Amino acid sequence: MLLPDLPASRTEPDGSAVVRLLSYNVRSLRDDTAALARVIRACAPDVVCVQEGPRFFRWRKKAARLARATGLLYVAGGATTAGPLLLADLRAHVERTDETLLPRTPGLHRRGLATAVLRFGAARLAVVSTHLSLARAERHEQAGLVLAHVRGLGEPHAVVAGDLNERPGGAAFRRLTAELRDGRAVAPWGGRHTYPAPDPRKRIDAVLATASVEVLGCGVPAGLPGVTPADLRDATDHLPVLAALRVPVSGPARAAA
Numbered sequence: 006m007l008l009p010d011l012p013a014s015r016t017e018p019d020g021s022a023v024v025r026l027l028s029y030n031v032r033s034l035r036d037d038t039a040a041l042a043r044v045i046r047a048c049a050p051d052v053v054c055v056q057e058g059p060r061f062f063r064w065r066k067k068a069a070r071l072a073r074a075t076g077l078l079y080v081a082g083g084a085t086t087a088g089p090l091l092l093a094d095l096r097a098h099v100e101r102t103d104e105t106l107l108p109r110t111p112g113l114h115r116r117g118l119a120t121a122v123l124r125f126g127a128a129r130l131a132v133v134s135t136h137l138s139l140a141r142a143e144r145h146e147q148a149g150l151v152l153a154h155v156r157g158l159g160e161p162h163a164v165v166a167g168d169l170n171e172r173p174g175g176a177a178f179r180r181l182t183a184e185l186r187d188g189r190a191v192a193p194w195g196g197r198h199t200y201p202a203p204d205p206r207k208r209i210d211a212v213l214a215t216a217s218v219e220v221l222g223c224g225v226p227a228g229l230p231g232v233t234p235a236d237l238r239d240a241t242d243h244l245p246v247l248a249a250l251r252v253p254v255s256g257p258a259r260a261a262a
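Structure follows, in structure tokens:
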């Protein structure tokens, strides 16, 4: 059964913008990259928050290849953020970017944040791609660092998207949603569970937004044109989360520090 379509990308008469945002853990491009590209293209996103993006040998070339295959442009992240990466289409004007590495716990993987402030006509949106720790205590601490990072951007309209490695109700998830709204909970659309892709049983990937951003729908897409169930299984070990967001008109751009 096909899902009702999410709103298409557009500029509203009042100047606000409907933005389609995709969050996707691509497992370092170790799986079927052609299937991955088909999934991303079919979602028709304005912005993609990637987790486990290319970050080792020739990572920039691999990131550029992914961007070309999906008809998007590389914006920020990769090895510089230990995996999180941002892609966007030509509709998004990049005002500024930030690449942040979070404190490292010995013996655990380094984590980071890929950030961009994007303008869609008169609407401006700060976007943060993140991938939290597998370790509970570190994950909870990182959730606090993500919130502090969002506050420090000085942007009223912001979204955090990524692999949280935790289900709703967990301590880190609850810490994030104390300040940000869980898109799936606010406007459920599509499927719920995101992992593992062949037999999804957990919702550990999410799109979270500030209260000023209206979530029009959020969930795992199905019935994508030109995409088979095998494509979703073979592209990577997570399923994507697609959200449609209405971003209000913004004030003048803040000068970069």
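Read the sequence shown against our numbering and you will find it ends at 262, with the numbers running on by one and no gaps. A virtual CB, placed ideally from N, CA and C, is assigned to each residue, including glycine. Please read all numbers here as calculations on a predicted model, not as lab measurements.
Among L150, L95, R251 and R129, which has the Cα closest to the Cα of G117?
From the listed residues L150, L95, R251 and R129, the smallest Cα separation to G117 is found for L150.
For G82 and N30, the rounded distance between their alpha carbons
14 Å
Apply the 10 Å Cβ neighbour rule to L7 and answer buried if 16 or more other Cβ atoms are within range, or exposed otherwise.
At L7 the pLDDT is 43, less than 50, meaning the model places this residue with poor confidence; the figure from the coordinates comes in the next sentence. Classification for L7: exposed.
Less than 7 Å between the beta carbons of A214 and L41, yes or no?
no
Applying the 10 Å Cβ sphere with the 16-neighbour rule, what's the burial state of D210?
Counting the other Cβ atoms within 10 Å of the Cβ of D210 gives 16 or more, which makes it buried.
Buried or exposed: where does R186 fall if 16 or more other Cβ atoms within 10 Å of its Cβ makes it buried?
buried
Do V133 and the ligand MG come close, with the Cβ less than 6 Å from some heavy atom?
The model on display carries no ligand, and the ligand MG is accordingly not part of it.
Can you grab the Cα-Cα spacing for the pair E171 / R208, in whole Å?
Near 8 Å, if we compare the C-alpha coordinates of R208 and E171.
Looking at Y200 and H243, is the spacing between their C-beta atoms short of 7 Å?
In contact: H243 and Y200 (Cβ atoms closer than 7 Å).
Of all the options D103, A127, L92 and P234, which has the alpha carbon lying nearest to the alpha carbon of V254?
A127
From this set, T105, R60 and L26, which residue's C-alpha is nearest A49's C-alpha?
Taking only the C-alpha atoms, the option nearest A49 is L26.
If you draw a straight line from the alpha carbon of F178 to that of L152, how long is it in whole angstroms?
12 Å
Under 7 Å between C-beta atoms of A183 and E160:
In this structure, E160 does not lie closer than 7 Å to A183 by Cβ.
V151, DSSP secondary structure in three states:
helix
Who are the near neighbours of T135 in its chain, counting only those whose CB is closer than 7 Å to its CB and skipping five residues on each side?
P89, L118, V151, V165 and G167
Going by DSSP in three states, G178 sits in which element: helix, strand or coil?
A small correction: the amino acid at residue 178 is Phe; Gly does not occupy that position in the sequence shown. F178: helix per DSSP, three-state reduction.
Could you check which residue in P108, Q147, L139 and E57 has the C-alpha nearest to that of R180?
Q147
Cβ pair G224, G195 closer than 7 Å:
yes
With the cut-off set at 7 Å, would you say D236 and R35 are in Cβ contact?
no
Have a look at E100 and V155 and give me their C-alpha separation to the nearest angstrom.
Taking the straight line from one Cα to the other gives about 16 Å.
Looking at the strands, I want to know which residues DSSP matches up with V254.
A128
For R109, which option in D204, E143 and G231 has the closest C-alpha, if you only look at C-alpha atoms?
Of D204, E143 and G231, the residue nearest in Cα terms is E143.
Whole angstroms are fine: how far does the CA of G20 sit from the CA of A249?
16 Å
Am I right that A87 and Y79 are in contact with their C-beta atoms under 8 Å? What's the rounded C-beta distance?
No, A87 and Y79 are not in contact; Cβ-Cβ is about 16 Å, not under 8 Å.
Below 7 Å CB to CB, which residues in the same chain sit around R32 once its five sequence neighbours on both sides are set aside?
E57, T241 and D242
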